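Notes to accompany the following structure.
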Amino acid sequence: MLHTENLTKEYDGQRALDKLNLSVESGDIYCLLGANGAGKSTTINLFLNFIQPTEGKAIIDLMDVSKEPLKTKEVIAYIPENLNLYGELTGLENLEYFVGLSGKKYTNEHLSDYLKEAGLQNSAHRQRVKGYSKGMRQKVGIAIALAKRAKALLLDEPTSGLDPKASNEFSELLVKLSNQGVATLMATHDLFRAKETGTHIGIMKSGVLVEQFGTEDINHSDLEKLYLAHMN
Amino acid sequence: MLTLNIITELRTIFRNYWLAAITLILITICLYAGWNGQNHVNRHEDSIVAALEEMQSADELMAARLDSIDQGLEIGLPTWQYPNSPTATGDGAPRVAAFPPGNLALISTGQSDMFNHYVKPTLTGDSFSIGFTELSSPVSLLMGNFDPAFVLVYLLPLIIISFCYNILSSEKEHGSLVLVASSPLSVRHWLLQKIAVRFVVLILILTICLLLMLMMNGVMINTDALLMILMVWLYAAFWFAMAYFINLRGKSSARNAITLLGLWVALVLAIPSLISQSASTFYPVPSRALLVNEMRNIQAELDKQQNEILDDYLRNHPELITRDADESTAYGWWQRFFASKDLVSERMAPLLANYDQSLKKQQHWVNQLSFLSPAIVFRNSLDHMAETSTAHYDNYRQSVMTFADEWRDFFLPMVFQDKLFTKDMIAELPAFDMERSGLKSPVSTNATILLVMVAGLMLASLVMNRVGETEHLMQG
Amino acid sequence: MLRLLTKKELQEILRSGQLRIAGMIVMVLTIIAILVSASYYQSIQQQHEEASHNERNVWESQDDKNPHSAAHYGTYAFKPKYPLSLIDQGVDKFVGISIFLEAHKRNEAQYMAAADQTGLARFGELTPDFILLFIIPLLIILMGHDSFTREKETGTLKLMKSQGVSLRLVAFAKWLGVFIPITVLTLCVFLVAGVLLGTLGNFGELSWSGLLIMMLVYVGYYAIFTCISLIASSLSKTSGIALVSLLAFWIISCLAIPKAATNIAELEHPYPTKQAFDEAIALDKSQGLDGHDPWSKAAKRLEEETLKAYKVSSLEELPFNYDGYRMQKGEEHEAEIYFKHYHKLKDVHNAQTGIYRKLTSLSPYLPVRFLSMSLAHTDYGTHWHFSDAAENYRIELQKNLNNNFADNSTYGNWAYKADKSLWADIPEFSYSPPELQDVVKQNSLNFAALSGWLIIAFAGLFLSTKRL
């Protein structure tokens, strides 16, 4: 579902991403680990066409992102580290809006169902988002992905700053989505969550993918050791 | 998607204090400015009405006196002021040559605080020395008026800027832009829809405010009034397009605010003053002080050759020769008077034409450069529609000059042929009529200029950073 | 400490690309404005001198004629320009440049420059006062609006607070950071103007103390704007809000209030229209003594009184030409009427000035505008002063001519012609504007308003930094 072919991004001659080749299939939860500036966000931004690749391609559902930026966006959903919605609109209205931007239209009941499915309690649906906690906003983000029927999910450190309970709820939602066949690419610093939730892990350093493996092939402490080894 | 975007944008606007604030501000300043404008118009109207009423009662008195003279009664005036004497009536019963305020006069004070709204040309007065400037406090002229034109030309752009300077940048700073950008749509079009919604909302409020202001002041809502509102839309569209363009550059809210305000200062304050300065620098009006000298020299010269002048004059105007015209009679004196007066006018004409010429050149220069600032174009249209533009007063002046000649031509044969003014002639006295055929409306040209400006900005926005659009907008 | 803090502020401001560009634009505009104004005033001054000279020639080269004919022939008084008008044009564009001084009539000054310009001129012109009054405050706003918000947005304010430095001191340093460059700029403008005025010959005598006071007025004005910029910055959450609110303040105090003041003044104390004013005078005149009309009641009364006073039975027996005497009495009477009506007009003007004065509490622009004009002798007060001086000269002139007529001819002798030499004997009109001390004294309320603003602005800054 999500592929890259020698994906490279340079900023003023500095390589932020160096010939990345990865692939995330339907049902996978691929967690990208790495220090700040390792190229995780760059990868995600390239999938989103927020930035243009210097070389190589990012491919979503067999379409080249830079050639078909709008079509590829129809099949993906994106949740940034800080999901900021329109404060003056309710959760429901925000959902309606962002899903609508992808050209999909639902009744309020349907939208409410999606919010519920994303774990947002009923009473919050019609409250203005400016009163939401970060966890609640992330849930709206998931609801957008659900309602959009996204085939792929791009997450940029979605759990940072969430309390453990909210973070856990968020992970469960991801698993649920992946069971429905959604391919997920998540940049994160949370080794524990990556091991628990992910199906694959890739470790990046200075724009290079230095290691990738299945989560079942490694235990928590080995993962930590391996990660730290690459960081030094 | 369009409807959804509209609904959402409307929701955001309505739930924000901005809309309430803008509505309140607009309605207050529009009504206040309209009230000011109307007060100004009323003063002019009242002065004209008073003058006309006074003229009417003076006419009645004159008719009564003429009757009394016919009946050989004493009227209590020295004989040279008797109304049957054409010189006395030509000077003593002048017509009111009025320039009544137009339907939309309250919109723009324009030049109306500087110039007269009625004059009374007399038989012996020099038409070139009729004072057309109003007796107004120069401090008022310097400071200007808080009229609708001020609100529309100066304040409206600022309201639009404060409404739209961060329409994209705030989403970026706040973080919602990434979500939008991850949707399958063009951010450019999405922003265009958002700004269009704001445009329509503001236009709607503004139109209601303007209509309310016009109706409250008893202005007839005719095509001109609607045309005026259309011009306001175009001017507003320019500033919205500018805000759109600046937002698309992807800079921060603070940078956008500074850029837009800088543009406001440049377009509304600096460029007009620069152009105006350059107009008077490149096409300076000849010195009025030296004109006074010229006029005095001509007078002095003519004083010395009185007799020759009369001969020359009568040679050119044989119809005015009477048999008993000689210097010993009053009529001889009047003949000399008008003859030398005519000569002064004749000699002054080319000098005075210089002023009209250089003013025309200035106006031409200003018109040519007006495309540099939408404020000039817009202001010019407002002045024209309010009938308070320089061109209108110039036109009025010309009409008065023509009328002054007509007035003179009516009495002069009587003076020269020693005829008396009679009561039936009151009805035949020439009446002032303002000739408007020379006034060309700049509104359609100005509307085109504004349209081109808006289209140009939209085109520039379309072309700008087409490649890597999102990257550009995201990075700033 | 203060030095360190100020140094940092100055570095920040002077290194900002935006501000450098803005400063440069203002500099270039100022230079253009000064040069254009200088050449304009030079030519105006030259024209003025030439015109006055020519007019005097015309007057003196009259032939032998009846003094009263000469009185009707009249002469012109031209309004001179003063050096500081290079900096502030004031209302000069909106008042006439010359007054026709003739028998029986006080004329308004004719030929205002604005009437010979396009409507665009009403937008204002690029003159030094436009830059000093409108543009430099904008530059101050640009420099000062983000001085606190920037530190809030980047978090350096917290860092600074944690160092235990007094925020008042920081605020003062920020104030200096904005104020010093602006003062230097102002100093340059005035220095250039001063040097230019010193070297341009025909500008009249430059009063350096006037120039200095004018500069201090502007520096005070900028101090107020600097304080207000910092107050807004310290109270706002973001730079955008600070900028927008400061701009609102600027537009309200520099544009909206002065314009609204005009409307209030015109509504409360309207000027009569020119026609109404003239007609009121004509009415009063028709009821009084007309020097040309020996048959009116007033004339008859004067005749009786004169005969009684000189204890003679007929006008021919009087030791002077009664025609000239009556003419002079008529002139005096008419002068009184003019005096009365102009006095009324002046009352309206004073009432209007009172309205502007009241509104100075809402706008620091107003006191500065009026002070600057007064110091430059381009205010309305100076114009009144000039017009009164011209009127006094006119009355004197008429008296001279009528007395000559009365003393040198006999009753009924309208054929009397005064010798040419009389014209040259009559002194030339000369005018000097109010002295600097008088200007300062007359503007004490404006000075008070400016000082009031300064005190309030500094107090506001002092209080607002407490809440940071």
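Protein chains in written order, with the working numbering: chain A, -19 to 212; chain B, 3 to 478; chain C, 44 to 511.
C-beta atoms are modelled at their ideal positions from N, C-alpha and C, and glycine is treated no differently.
All values derive from a computational prediction rather than experimental measurement.
Among the options, the one whose alpha carbon lies nearest that of residue i
{"i": "Leu254(C)", "options": "Lys354(C), Leu418(C), Leu163(C), Ser272(C)", "result": "Leu418(C)"}
{"i": "Leu240(C)", "options": "Gln318(C), Gln88(C), Ile324(C)", "result": "Gln88(C)"}
{"i": "Glu360(C)", "options": "Pro171(C), Leu176(C), Glu346(C), Lys372(C)", "result": "Glu346(C)"}
{"i": "Gly158(C)", "options": "Pro415(B), Met455(B), Ala393(B)", "result": "It should be pointed out that residue 158(C) corresponds to Ala in this sequence rather than to Gly. Closest by alpha carbon: Ala393(B)."}
{"i": "Ala302(B)", "options": "Ser112(C), Pro477(C), Lys195(C)", "result": "Ser112(C)"}
{"i": "Leu453(B)", "options": "Arg13(B), Leu232(B), Ser87(B)", "result": "Leu232(B)"}
{"i": "Asp358(B)", "options": "Cys32(B), Val270(B), Tyr395(B), Lys306(B)", "result": "Tyr395(B)"}
{"i": "Phe152(B)", "options": "Asp48(B), Asn448(B), Leu271(B), Leu441(B)", "result": "Leu271(B)"}
{"i": "Gln61(C)", "options": "Ala120(C), Val101(C), Asp189(C)", "result": "Asp189(C)"}
{"i": "Ile27(B)", "options": "Asn38(B), Leu158(B), Leu414(B)", "result": "Leu158(B)"}
{"i": "Leu388(C)", "options": "Val189(B), Ser138(B), Leu63(B), Lys362(B)", "result": "Ser138(B)"}
{"i": "Asn356(B)", "options": "Leu63(B), Leu54(B), Pro286(B)", "result": "Pro286(B)"}
{"i": "Lys463(C)", "options": "Leu493(C), Ser415(C), Glu103(C), Met67(C)", "result": "Glu103(C)"}
{"i": "Met500(B)", "options": "Ala100(B), Thr126(B), Arg381(B), Val180(B)", "result": "Any answer about residue 500(B) is impossible in this case: the structure gives chain B only from 3 up to 478."}
Within 8 Å, strictly: CB atoms of residue i and residue j
{"i": "Trp409(B)", "j": "Pro432(B)", "result": "yes"}
{"i": "Ala339(B)", "j": "Ala299(C)", "result": "Checking the sequence, you will find Phe at residue 339(B) rather than Ala. Not in contact: Phe339(B) and Ala299(C) (Cβ atoms no closer than 8 Å)."}
{"i": "Ser276(C)", "j": "Ala266(C)", "result": "no"}
{"i": "Met155(C)", "j": "Lys136(C)", "result": "yes"}
{"i": "Tyr77(A)", "j": "Thr10(B)", "result": "yes"}
{"i": "Leu(-3)(A)", "j": "Gly19(A)", "result": "yes"}
{"i": "Ile56(C)", "j": "Met186(C)", "result": "yes"}
{"i": "Trp266(B)", "j": "Ile163(B)", "result": "yes"}
{"i": "Leu142(A)", "j": "Leu157(A)", "result": "no"}
{"i": "Ser141(C)", "j": "Phe173(C)", "result": "no"}
{"i": "Glu145(C)", "j": "Gly117(C)", "result": "yes"}
{"i": "Cys166(B)", "j": "Arg200(B)", "result": "yes"}
{"i": "Leu175(C)", "j": "Tyr261(C)", "result": "yes"}
{"i": "Ala227(B)", "j": "Leu106(B)", "result": "yes"}
{"i": "Pro362(C)", "j": "His428(C)", "result": "no"}
{"i": "Ser140(A)", "j": "Glu61(A)", "result": "yes"}
{"i": "Ile256(C)", "j": "Ile225(C)", "result": "no"}
Beta-bridge partners of residue i, as assigned by DSSP
{"i": "Asp44(A)", "result": "Ile39(A)"}
{"i": "Gly(-5)(A)", "result": "Before going further, note that residue -5(A) is Arg rather than Gly in the sequence given. DSSP lists Glu(-10)(A) as partners of Arg(-5)(A)."}
{"i": "Thr70(A)", "result": "Arg108(A)"}
{"i": "Ile59(A)", "result": "Leu135(A)"}
{"i": "Ser3(A)", "result": "His(-17)(A)"}
{"i": "Glu191(A)", "result": "Ile183(A)"}
{"i": "Ala100(B)", "result": "Tyr120(B)"}
{"i": "Gly14(A)", "result": "Met184(A)"}
{"i": "Leu165(A)", "result": "Tyr10(A), Leu134(A)"}
{"i": "Thr135(B)", "result": "Phe117(B)"}
Residue i Cβ short of 7 Å to the ligand SAH heavy atom set
{"i": "Gly78(B)", "result": "Here there are no bound small molecules, and the ligand SAH is not part of this structure."}
Members of the stretch 160 to 184 of chain C that neighbour chain B once the beta carbon cut-off is set at 8 Å:
Under the 8 Å Cβ criterion, the stretch 160 to 184 of chain C contributes Gln160, Thr161, Gly162, Leu163, Ala164, Arg165, Phe166, Gly167, Glu168, Leu169, Thr170, Phe173, Phe177, Ile178, Leu181.
Problem set entry | Segments assigned alpha helix (DSSP H), at least 4 residues, entirely inside the stretch 292 to 342 of chain C | Runs of the alpha helix (DSSP H) inside the stretch 292 to 342 of chain C: 300 to 311, 317 to 330.
Residues, ordered as in the chain, of the stretch 121 to 154 of chain B that lie near chain C by beta-carbon distance below 9 Å:
Close to chain C, meaning a Cβ-Cβ distance shorter than 9 Å, are the following residues of the stretch 121 to 154 of chain B: Val121, Lys122, Ser131, Gly133, Phe134, Thr135, Glu136, Leu137, Ser138, Ser139, Pro140, Val141, Ser142, Leu143, Leu144, Met145, Gly146, Asn147, Phe148, Asp149, Phe152.
Contiguous alpha helix (DSSP H) assignments of at least 4 residues, all confined to the stretch 99 to 184 of chain C: Annotation: the stretch 99 to 184 of chain C contains the following complete segments of the alpha helix (DSSP H) (minimum length 4 residues), in chain order: 110 to 116.
**Item:** Complete runs of the alpha helix (DSSP H) confined to the stretch 108 to 151 of chain A [at least 4 residues]
**Value:** Within the stretch 108 to 151 of chain A, the alpha helix (DSSP H) runs of at least 4 residues that lie entirely inside it are, in chain order, 114 to 128.
Residues in the stretch 265 to 292 of chain C with C-beta within 7 Å of chain B's C-beta atoms, listed in sequence order? Listed by position, the residues of the stretch 265 to 292 of chain C near chain B (Cβ gap below 7 Å) are Ser282, Gly283, Leu286, Val287, Leu290.
- [ ] Output, in sequence order along the chain, the residues in the stretch 379 to 398 of chain C whose CB is closer than 7 Å to any CB in chain B.
- [x] Cβ contacts with chain B come from His392, Gln395.
task: Can you give me, in chain order, the residues of the stretch 192 to 214 of chain B that have a beta carbon less than 8 Å from any beta carbon in chain A?
output: If the cut-off is 8 Å between Cβ atoms, the stretch 192 to 214 of chain B has Trp192 near chain A.
field: Length-filtered (4 minimum) alpha helix (DSSP H) runs lying within the stretch 56 to 105 of chain C
entry: The qualifying runs are 60 to 103.
For this session: Counting only runs of 4+ residues fully inside the stretch 208 to 244 of chain C, write out the alpha helix (DSSP H) ranges in chain order.
Result: Within the stretch 208 to 244 of chain C, the runs of alpha helix (DSSP H) at least 4 residues long that lie entirely inside it are, in chain order, 210 to 242.
Entirely enclosed alpha helix (DSSP H) segments - the stretch 456 to 489 of chain C, minimum 4 residues: Entirely contained in the stretch 456 to 489 of chain C, the alpha helix (DSSP H) runs reaching 4 residues are, in chain order, 464 to 468, 479 to 485.
Could you run through the stretch 4 to 22 of chain B and flag, in chain order, every residue whose CB is less than 7 Å away from some CB of chain A?
Answer in chain order: Leu6, Thr10, Arg13, Thr14, Arg17, Asn18.
Closer than 7 Å, Cβ to Cβ, to anything on chain C: give me those residues from the stretch 347 to 377 of chain B, in chain order. Going along the stretch 347 to 377 of chain B in chain order, one finds Tyr357, Leu361, Gln364, Gln365, Val368 with a Cβ nearer than 7 Å to chain C.
**Request:** Compile a chain-ordered list of the residues in the stretch 266 to 283 of chain B whose CB is closer than 7 Å to at least one CB of chain A.
**Result:** Nothing from the stretch 266 to 283 of chain B brings a Cβ to less than 7 Å from some Cβ of chain A.
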